[in-house]
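Chains as they are written, first to last, in numbering that gives the first Met the number 0: chain A, 0 to 103; chain B, 0 to 103.
The beta-carbon is built from N, C-alpha and C at its ideal position, and this holds for glycine as well.
What you are looking at is a predicted structure, and each value in this text was computed from that prediction instead of being measured.
Notes follow once the structure below has been shown.
Protein chains: 2
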Amino acid sequence: MQAIEEVSESLKLLSDKTRLTIMALLRHKEMCVCDIVDFLEASQPNVSQHLKKLKTGGLINEERRSQWVYYSLNVEDKPYLKQVIDHLPSMEERINAMKPQDCT
Amino acid sequence: MQAIEEVSESLKLLSDKTRLTIMALLRHKEMCVCDIVDFLEASQPNVSQHLKKLKTGGLINEERRSQWVYYSLNVEDKPYLKQVIDHLPSMEERINAMKPQDCT
DNA sequence: TGATTATATAAGTAAATCATTATATAAATG
DNA sequence: CATTTATATAATGATTTACTTATATAATCA
Chain A
0 MQAIEEVSES LKLLSDKTRL TIMALLRHKE MCVCDIVDFL EASQPNVSQH LKKLKTGGLI
60 NEERRSQWVY YSLNVEDKPY LKQVIDHLPS MEERINAMKP QDCT
Chain B
0 MQAIEEVSES LKLLSDKTRL TIMALLRHKE MCVCDIVDFL EASQPNVSQH LKKLKTGGLI
60 NEERRSQWVY YSLNVEDKPY LKQVIDHLPS MEERINAMKP QDCT
């Protein structure tokens, strides 16, 4: 059982199309910022700002590995959100269609 | 499997605290506008406008019975939303604490 | 150390959103 | 049919949000 405020904050984070797409992406694998930028064809600052919001809201994890910062989902402990995310369309084909190491 | 756009639209509707509370309310029983106004201690136009958005987004049903308009949930066919709604805190006690027929 | 690549942050702006006030419609009732 | 009650709509203003451009930080490598 979650507080209304807590749920509405989480849903607000998920309700943006760009952020929701990021979540759908990360469902398949962790990704660095440049991978996500390539995939979304969005600007780097735009993606960074969305990632920060998701991170601050506790929906994703962040981990730097040398010059790259990798992001991954953090929803295992949030069943009510996990359901939503699990119903998002698979991004697998589009991920595979990307050139590997596009941003290295 | 839902389109990203469709999910983000639904989540945007749910991400407002007032609308999410309305959904939490309607989980227990259908209610007319004046009941909801009483419960939320919000203005009548404010509630009407939120109800309209939820109705337009397909999340609730509307039914007029003489001078009252009753609203009820319409999420049985949307499992990814139902999970979220089912995790909302129960409003039962607060509903029972309301004077019955407050607005008749 | 200087250049390059990856990412973050700041500032500015345009668009979207929510609440309020005022008014309209709709049904019931004396 | 005029009044009252329930609800909807319209117009307005304030706040929030998302994106852009410009710049800062951080790591790597020549």
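Looking at the DSSP output, Ile59 of chain A sits in a beta bridge with A:Leu72.
Straight across, the Cα-Cα distance linking Lys81 of chain A with Leu58 of chain A is about 10 Å. Going by beta carbons, Ile84 of chain A and Met22 of chain A fall inside the 7 Å limit. In this structure, B:Glu62 is the residue among B:Glu62, B:Glu75 and B:Pro88 with its C-alpha nearest to the C-alpha of Glu29 of chain B. For Asn73 of chain B, the closest C-alpha among the options B:Met0, B:Lys54, B:Val46 and B:Ala2 is that of B:Lys54. Taking 7 Å as the cut-off, the Cβ atoms of Ser9 of chain A and Lys11 of chain B do not count as close. With fewer than 16 neighbouring CB atoms inside 10 Å of its own CB, Ser42 of chain B falls in the exposed class. One alpha carbon belongs to Asp37 of chain B, the other to Leu24 of chain B, and they sit about 12 Å apart. Chain A has no Cβ within less than 7 Å of the Cβ of Val46 of chain B. From the beta-carbon of Leu50 of chain A, no residue of chain B is found nearer than 9 Å; the closest lies around 17 Å away. Cα atoms of Ala2 of chain A and His49 of chain A: separation of roughly 24 Å, rounded to the nearest angstrom. Listed in chain order, the non-local C-beta contacts of Trp67 of chain A below 6 Å within the same chain comprise Cys31, local neighbours out to five positions each way being set aside.
Note that the C-beta distance between His27 of chain A and Glu92 of chain A is not below 7 Å. Its chain contains Leu12, His49, Lys52 and Leu53 as the residues whose beta carbon lies nearer than 8 Å to that of Arg18 of chain B, once the 5 sequence neighbours on both sides are disregarded; these appear in chain order. With fewer than 16 neighbouring CB atoms inside 10 Å of its own CB, Asp76 of chain B falls in the exposed class. Scanning the region 18-52 of chain A from its first residue to its last, the whole alpha helix (DSSP H) runs of 4-plus residues come out as 32-39. The residues Leu25, Glu29, Ile59 and Asn60, in chain order, have a CB closer than 7 Å to that of Ser71 of chain B in the same chain once the five nearest residues on each side in sequence are set aside. Just measuring C-alpha positions, the residue of A:Ser89, A:Ala96 and A:Met97 sitting nearest Met0 of chain B is A:Ser89. Val46 of chain A has its alpha-carbon roughly 11 Å from the corresponding atom of Thr20 of chain A.
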